[in-house]
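*Asks:* Heads up: the protein sequence lines correspond to chains V and Y, in order. Using my numbering, the letters of the first sequence correspond one by one to residues 11 to 118. Using my numbering, the letters of the second sequence correspond one by one to residues 3 to 162. All residues carry an ideal CB built from backbone N, CA and C; glycine is no exception. Every value quoted in this text rests on a predicted model; they were computed, and no experiment measured them. This structure is in C-alpha cells; I'll ask about it shortly.
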Amino acid sequence: MEVFEAVAQPKRREILRLLAGRELGATEVASRFAVTQPAISQHLKVLKRAGLINERREGTRRLLSLRPEGLLELNEFLAEIMPASLGALKRAAEKEESANRGAGAKRN
Amino acid sequence: MPAPSETEQVFEYEIRIAASAETVFEHFTDPAKMVRWMGTEATLDPRPGGICRINPAGHAAMSGRFVEVERPRRLVFTWGWEIELLATPPQSTIVEVSLTPDGEGTVLRLAHRRLKPDAVRYHRAGWEHYLPRLALVAAGEDPGTDPWRDLPVVTKELGI
C-alpha cells in the first residue's frame, strides 16, 4: 500500500506528472516548485521507496524517471476494481479529452 | 457585427514594465520568481501541456496547463480554480500574455478569455491587483507582502 500513500500527496503527484515521458535532473524537478529543495528531496525519497521512480547518476547529476513496474501496481489495482462498463466510459472520456486538448491550442 | 457571446467574455490589461521581456517572462515561468509577486505556492513546468498551478494568496489554488511557451514574447496557459469558485472550473478559461520590448522596458498585454460574465469582475480585480506587483518585482523593487493573504481583505475587495 506504500504506492498509494506515495501518490496521496498532491506535490508527489505533480512530480510524477513532471516526469511523464522524460528524464529530469533532481535540481530541475525542484526548480519547478516554489518550495525548498529539501522538501522536494523528501518527496523524491518517498516516491523512490515506493518504487514509482528510478534514479541514476551521471557525474554529479541525479537523473530521475518514472519506473513503469511501480506504476503497474497502481494500474493493476484500478483495473481490478474498475467495472468493465466504467473502463469503456474511461476510454471514451479520454478520447474526448485528447480531442479537446488537440483543439484547445487553436480555439479562441 | 454579432454581439459578443454572453457566455464568454474577455478581460484585457496593459502595463509597461521597467525590465526586459526576458526578465518579465521568467516571472511567469520560474516558481521562485512568481511567488514574489503572486502566490504562496506555485508549480510551473513551462512547456505545452506542462503544469501551471498557482495559489495566488493562499486561499484557493488555480490549476492550469501551459498551452504555448514562446520565450520571451508569448505565453498562454489555461486557468481555473480547483475548488468551486467564481464560476471558473479548471481548464475553463485561458490567459494569454504577450511581451513587447519598448525602449529599456517591456509592454505586457494580458488577455483573460472565456470568462463567464459573473467571473469577469473578480478576475479583473485580481489582475489589477497582481500585475502592478509584477511590474515592481520585475523592476527590482519590493512590493511588500501581498495584502490579499489576509482573507478578510480579499473578500472585502472582491465583495464576496
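(1) Do the CB positions of F13/Y and R135/Y come within less than 8 Å of each other?
(2) Taking the beta carbon of M3/Y as the centre, do at least 16 other beta carbons fall within 10 Å, making it buried, or is it exposed?
(3) Distance, Cα to Cα, L117/Y vs L62/V?
(4) For D104/Y, list the residues DSSP reports as bridge partners.
(5) Decide yes or no for the touch test of the region 23-40 of chain Y against the region 25-40 of chain V: beta carbon pairs closer than 8 Å, at least 3 of them.
(6) Ordered along the chain, which non-local residues of its own chain (more than five positions away) have a Cβ less than 8 Å from that of I96/Y?
(7) Answer with yes or no whether the minimum CB distance from L26/V to chain Y is below 8 Å.
(8) According to a CB-to-CB cut-off of less than 7 Å, which residues of the region 39-53 of chain Y neighbour chain V?
(9) Please state whether DSSP places K116/V in a helix, a strand or coil.
(10) Could you give the residue range of the alpha helix (DSSP H) that holds I85/Y?
*Replies:* So, to answer that:
(1) In the second sequence, residue 13/Y corresponds to position 11, counting from 1. In the second sequence, residue 135/Y corresponds to position 133, counting from 1. With a cutoff of 8 Å on beta-carbon distance, F13/Y and R135/Y are scored as not near each other.
(2) As a working note, residue 3/Y is residue 1 in the second sequence. With a pLDDT of only 46 at M3/Y, under 50, the local geometry of the prediction cannot be trusted, and the value read off the model is given with reservation. Exposed, since its Cβ has fewer than 16 Cβ neighbours within 10 Å.
(3) Here residue 117/Y is taken as the residue at index 115 of the second sequence, counted from 1. Here residue 62/V is taken as the residue at index 52 of the first sequence, counted from 1. Distance between the alpha carbons of L117/Y and L62/V is about 38 Å.
(4) Mapped onto the second sequence, residue 104/Y falls at position 102. According to DSSP, which records beta bridges pairwise, D104/Y is partnered with G107/Y.
(5) Output reads no: the region 25-40 of chain V does not touch the region 23-40 of chain Y.
(6) Here residue 96/Y refers to the residue found at position 94 when the second sequence is read from its first residue. Non-local beta-carbon contacts of I96/Y in its own chain, meaning distances under 8 Å to residues more than five positions away in sequence, involve V69, V78, F79, T80, W81, H114, R115 and R116 in chain order.
(7) Counted from its first residue, the first sequence places residue 26/V at position 16. It does not: the Cβ of L26/V has no partner Cβ on chain Y nearer than 8 Å.
(8) Cβ contacts with chain V come from G41, E43, A44, T45, L46, D47 and I53.
(9) What you label residue 116/V is simply residue 106 of the first sequence in a count that begins at 1. Only weak support is given to the placement of K116/V: the predicted model assigns it a pLDDT of 45, under 50, and the value that follows is read from those uncertain coordinates. If DSSP states are grouped into helix, strand and coil, K116/V belongs with coil.
(10) For the purposes of this step, residue 85/Y is taken as residue 83 along the second sequence, with counting starting at 1. For I85/Y, there is no enclosing alpha helix (DSSP H), as DSSP gives it neither H nor E.
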